[in-house]
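Protein chains in written order, with the numbering used here: chain Z, 1 to 113; chain H, 1001 to 1113.
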Amino acid sequence: SAVISQKPSRDICQRGTSLTIQCQVDSQVTMMFWYRQQPGQSLTLIATANQGSEATYESGFVIDKFPISRPNLTFSTLTVSNMSPEDSSIYLCSVGIGGTEAFFGQGTRLTVV
Amino acid sequence: QQQVKQSPQSLIVQKGGIPIINCAYENTAFDYFPWYQQFPGKGPALLIAIRPDVSEKKEGRFTISFNKSAKQFSLHIMDSQPGDSATYFCAAVSGAGSYQLTFGKGTKLSVIP
């Protein structure tokens, strides 16, 4: 497994502002992902964070709204830009290890007011 | 289009009972099926997983049953305890080394003492 640390754990932000969420892993991993979990809902994949290249976004998610950085094999950031109340969700970092298993961080609970 | 359908949405059982959570998938390219357990305020934790070439897998009190022809799989929790009260998600992955999870909508389990 891996120890995945996310910062901040929660935040309350004003609409129109941006928040950058950090994900730090205790070991080098090839695959890192960002998911969104809306209140009381399931998890939806936002994008794959690729080291050294642009992130790969899923349908319905765009780089201008959710820019992602992956400067090395242990760290990634997700920015939620120009926030609106609809962006209020839990944002989760995930890493893939061992060919099959995916592990998650504790999540960042974002409330936009 | 929901690719992994999960039921029931919520479940209440007495301590010692055997809750059963069911999932069905449509995409025959899925070849790895993990279950995740999520407590409030926490990220999902990998519980148990199965591949389609196995009809059943047991780990402790948790058992997955898999029916490849019906494209269905289920989670059984033996001798359930109040500490098992959580939200359970089934998921599916397509392709070795993919790690990209398609989640069911989740089942909120409450185990009553």
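Even glycine gets a Cβ: it sits at the ideal position worked out from N, Cα and C.
Predicted model, so just to flag it, every value in this text is computed and none were measured.
CB contact check: Ala-49(Z) to chain H, cutoff 8 Å: no
Element boundaries [beta strand (DSSP E), containing Pro-1063(H)]: In the sequence under discussion, the amino acid at residue 1063(H) is Thr, which differs from the Pro named in the question. 1062–1067 is the extent of the beta strand (DSSP E) around Thr-1063(H).
Beta strand (DSSP E) segments (min. 3 residues) lying fully within the segment 28–87 of chain Z: The qualifying runs are 31–37, 43–49, 68–72, 75–80.
Same chain, Cβ closer than 8 Å to Ala-1070(H), neighbours up to 5 away in sequence not counted: Hits under 8 Å: Ala-1024.
Of the listed residues Gln-1081(H), Gln-1100(H), Ala-1092(H), nearest to Lys-1015(H) (C-alpha basis): Gln-1081(H)
As assigned by DSSP and simplified to three states, the class of Gln-96(Z): Correcting the residue identity first, residue 96(Z) is Gly in this sequence and not Gln. In this structure, Gly-96(Z) counts as strand in the three-state DSSP scheme.
8 Å Cβ cutoff, Gln-106(Z) in contact with chain H: At least one beta carbon of chain H lies nearer than 8 Å to the beta carbon of Gln-106(Z).
Closest by C-alpha distance to Gln-24(Z), when choosing among Gly-107(Z), Arg-15(Z), Thr-111(Z): Gly-107(Z)
Given Tyr-1088(H) as reference, the closest of Cys-13(Z), Ser-9(Z), Phe-33(Z), Ser-42(Z) once Cα atoms are compared: Its Cα nearest to that of Tyr-1088(H), the residue Ser-42(Z) stands out among Cys-13(Z), Ser-9(Z), Phe-33(Z), Ser-42(Z).
When Asp-1053(H), Tyr-1036(H), Ala-1092(H), Ile-1112(H) are compared against Phe-1062(H), the one with the closest alpha-carbon: Tyr-1036(H)
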